[in-house]
Amino acid sequence: MPPIIHPSDQKQWQNWHETYSQKLELLVDVWNANASQSTTEGYADTTRGLQELIAKALWEGQELRALGAGWSFSRAPATSGILVNTKPLNYVFPAPRTHPSYAGSREDLLFVQCGNSVAELNHFLKAKMGKALPTSGASNGQTIAGAIATGTHGSTLDFGAMQDFVAGLHLVVSPERHIWLERASNPTINDDVPQKLGAELIRDDALFNAALVSLGSFGIVHGVLLVAEDLYYLQAYRHRMPLTEGLWRAMDQLDFSGVQLPGPAGQRPYHFQVVINPNDLEGGAYVTVMYKHAQPPPGSKPPSPGSKLTQGDSALEIVGVLTDMVSDLTIPVMSKLLERFYGEFSNVAGTPGELFTDTTTRGKALGSALGIPLGQVRRAVETAMAINREYAFPGLLALRYTLPSKATLAFTHHAPMTCVLDIDGAGSARTKTFCQKVWQQLTERQVPYTLHWGKLNDLDGARVRSMYGPERVESWRKARAALLTSPELRAAFTNDYLRTLGLA
Amino acid sequence: MQSMLGSWRMATVLCLTLASACAHYRVQAPGHAGAPATEPEGEVLWSLAWGLVQEQPRVDNCQGQPLAEVNQSTNLGFALISVVTLGIAMPQRVEWRCAKAQPSPGELGALGATPGEVN
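Protein sequence lines correspond, in order, to chains A and B.
For the first sequence, full-length UniProt numbering assigns the number 1 to the initial residue and increments by one for each residue that follows.
For the second sequence, full-length UniProt numbering assigns the number 1 to the initial residue and increments by one for each residue that follows.
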């Protein structure tokens, strides 16, 4: 049965964090015909429905964009043409048949439809498979396709970004063609599966690495093959610590020798995060560390289900809650409320899905995230703090760390580790100006950095090329042209954001 | 200087007045069930004659799924209408997002699998 394609009356769309509105021609919701049972037949029918929408866009000369949770601050998901809401598409297929040469465990694999949110995946993996995602962003409201398309970073020292646990993509690229794409160097799916879905099987490392962080412009990502791992628990601590030389060294180079981290002595943390309120340095920085265990350690406490904020929330999360409470956020009020809601805790243990909790962030929050190589982190943070002394903004600086991603345009590609410096504040012109000042100063001081595609940035073609190098950019564009084979298709999957970035 | 100070006070009072007249209430399903499937749809609903007559929203976009979230909001204009009409007419804006289905898992390629081929 064909999917249900429900057109909305809305001619305007706003992103989740309310940073912009976009006029559009058509917003449609796409539902599987039988939403209550995941079937390959139903999945294939929905593929055909998505192809019909592409045909409609081509026929009408419209641009088309698949919409996830709309979590991005940037205009990555926006279009003036046809916006296809894929959130209702949440079929799940655990343990698909694998390629004979696949070295991993079939039981770790999960093929999911694009609209599954990270929260849904956390729940399903734990409840039905006894598994967990290797990493996630600090929030979990994003859809899986949206999160990987913008290169959402992880937050563990032992893994990369979210797209790095993806082993296969099912892309709908034209009214006549849809593709199962995976790496030639790591064939994962049994050839029968794409065949059963009617998809063309392509194994190509360059194409796959480019299509991971696609900015929604490689066609519609209909399905994603994930590699999960056995369910694990994170033992979490958050203490406020003075900004000593030892802590700076930990932040700058992940050298923990000069600092006594909270928690069990001598263990390397799985997750290390520092949140700095640049308007209140006297009390020190908020240092969160998490240690990975197969079971909750004896004596640990479960996360408090009743609190509005729980461990693992990002700085943006806090600002969002505060913005909901006081619309005219002021710097001193912000500091007081941060103390109230972002408290210290010790020995709390939960699964990643319990710690990086369901997100209800609202309010006009705004944020930028910079990918910075180790060794440059202190310079970047001190630059931001110096700017704040001259031009204070009601927000926070947060640092998390991840291994470099294999995706061609991952902003977390810096080796050997990327520090992600989040600048999160209330949605205001001041926050935006503050971010711009930081970017400008870092450029002038020749501190290398990249910018999160889904957060606030002022990138254009020249800056994208200078950040990633012309070879990476051309490789990405070449891959896109290989999958979207006609100028009309490439035009259909283009938007203003892509044109601004010089990637169309 | 005096007039500038007066303008700031006026602006502050105006901002506080406008802000105080805006209120939002949200009911959201807890956990992953609160992950919405749709963008917000909404309409202005009227309660008339102190509740003798009330409008109901037309929820026609959820495809048989429940609601994930309902928001109710009011603003200065709505508050004025309510006060001026002594509560005879009370408008409110209501928005909702539909919940996702919770499909049972499917099998992908499991049928007809040859034992030797499967990892």
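By construction, the Cβ of each residue, glycine as well, lies at the ideal position given by its N, Cα and C atoms.
Everything numeric in this text was worked out from a predicted model, so none of it was measured.
Item	Value
Since alanine 141 of chain A meets chain B, which of its residues come closer than 8 angstroms, beta carbon to beta carbon?	For the record, residue 141 of chain A in the displayed sequence is glycine; it is not alanine. Here the neighbours are Ala35.
Glutamate 41 of chain B lies in the beta strand (DSSP E); which residues open and close that run?	41–48
Using DSSP bridges, identify the partner residues of alanine 426 of chain A.	A:Ala365
Does the distance from the C-beta atom of leucine 399 of chain A to that of cysteine 419 of chain A stay below 9 angstroms?	yes
Might you give, ordered along the chain, the residues of its own chain that have their beta carbon closer than 6 angstroms to the beta carbon of serine 214 of chain A, omitting 5 neighbours on each side?	Ala149
Please check if any C-beta of chain B sits within less than 9 angstroms of the C-beta of aspartate 29 of chain A.	yes
With a threshold of 9 angstroms between beta-carbons, can threonine 40 of chain A be considered close to chain B, or not?	yes
Taking only runs of the beta strand (DSSP E) that begin and end inside the segment 93–118 of chain A, which ones reach a length of at least 3 residues, in chain order?	109–113
Could you name the residues of the same chain whose beta carbon sits closer than 6 angstroms to that of alanine 210 of chain A, not counting the 5 residues immediately before and after it, in chain order?	Thr408, Trp476 and Ala479
Put lysine 56 of chain A into one of helix, strand or coil per three-state DSSP.	helix
Since leucine 108 of chain B meets chain A, which of its residues come closer than 7 angstroms, beta carbon to beta carbon?	Thr40, Phe93, Pro96, Phe111 and Val193
Does the segment 102–109 of chain A come close enough to the segment 37–57 of chain A that 3 or more CB-CB pairs lie under 8 angstroms?	no
Considering Cα atoms alone, identify which of A:Glu182, A:Ile189, A:His222 and A:Leu58 is closest to leucine 207 of chain A.	A:Glu182
In this structure, does DSSP put histidine 17 of chain A in helix, strand or coil?	coil
Quick check: is the beta carbon of asparagine 32 of chain A nearer than 9 angstroms to any beta carbon in chain B?	yes
On the three-state DSSP scale, how would you describe phenylalanine 393 of chain A?	coil
Mind pulling the chain B residues with CB within less than 8 angstroms of histidine 6 of chain A?	Asn61 and Gln63
Does the beta carbon of lysine 196 of chain A come closer than 9 angstroms to any beta carbon on chain B?	yes
Let me see if you follow: with CB-CB separation under 9 angstroms, is glutamine 22 of chain A close to chain B or not?	no
Can you round the beta-carbon distance between glycine 375 of chain A and glutamine 253 of chain A to whole angstroms, since I take them to be within the 8 angstroms contact cut?	6 angstroms
Here's a check: name, in chain order, each residue in its chain whose Cβ is nearer than 6 angstroms to the Cβ of cysteine 62 of chain B, leaving out the five neighbours to either side.	Cys98
Please classify threonine 402 of chain A: is it buried, with 16 or more other beta-carbons within 10 angstroms of its beta-carbon, or exposed?	buried
If you count every other CB in all the chains shown that lies within 10 Å of the CB of residue 125 of chain B, and 16 or more means buried, which is it?	There is no way to answer for residue 125 of chain B, as the model of chain B reaches only from 1 to 119.
Counting only beta-carbon atoms, is tryptophan 180 of chain A nearer than 9 angstroms to chain B?	no
If we count Cβ pairs, one from each stretch, closer than 8 angstroms, do we get three or more for the segment 23–38 of chain B versus the segment 493–501 of chain A?	no
If contact means a Cβ-Cβ distance below 9 angstroms, which residues of the segment 89–107 of chain B contact chain A?	Cys98, Lys100, Ala101, Gln102, Pro103, Ser104, Pro105, Gly106 and Glu107
Applying the criterion that 16 or more other CB atoms from any shown protein chain within 10 Å of the CB defines a buried residue, is threonine 114 of chain B buried or exposed?	Reliability of the predicted coordinates at threonine 114 of chain B is poor, the pLDDT of 41 falling under 50, and the value obtained from them is presented with this limitation in mind. Flag for threonine 114 of chain B reads exposed.
Report the CB separation of serine 346 of chain A from proline 264 of chain A in whole angstroms; it is logged as a contact under 8 angstroms.	The Cβ separation is near 11 angstroms, so there is no contact.
How many angstroms separate the CA atom of tryptophan 46 of chain B from the CA atom of proline 91 of chain B?	4 angstroms
Going by CA-CA distance only, name the one from A:Tyr270, A:Arg75 and A:Leu64 that's closest to proline 175 of chain A.	A:Leu64
Is there at least one Cβ from chain A nearer than 9 angstroms to glutamate 41 of chain B's Cβ?	yes
Use the C-beta contact count for alanine 167 of chain A: other C-beta atoms within 10 angstroms, 16 or more gives buried, fewer gives exposed.	buried
According to DSSP, is cysteine 419 of chain A helix, strand or coil?	strand
Within 10 Å of its beta-carbon, does glutamine 142 of chain A have 16 or more other beta-carbons around it, so buried, or fewer, so exposed?	buried
Drop a sphere of 10 angstroms on the beta-carbon of leucine 498 of chain A, count the other beta-carbons inside from all chains shown, and report buried for 16 or more, exposed for fewer.	buried
Quick one: is lysine 11 of chain A buried, meaning 16 or more other Cβ sit within 10 Å of its Cβ, or exposed?	exposed
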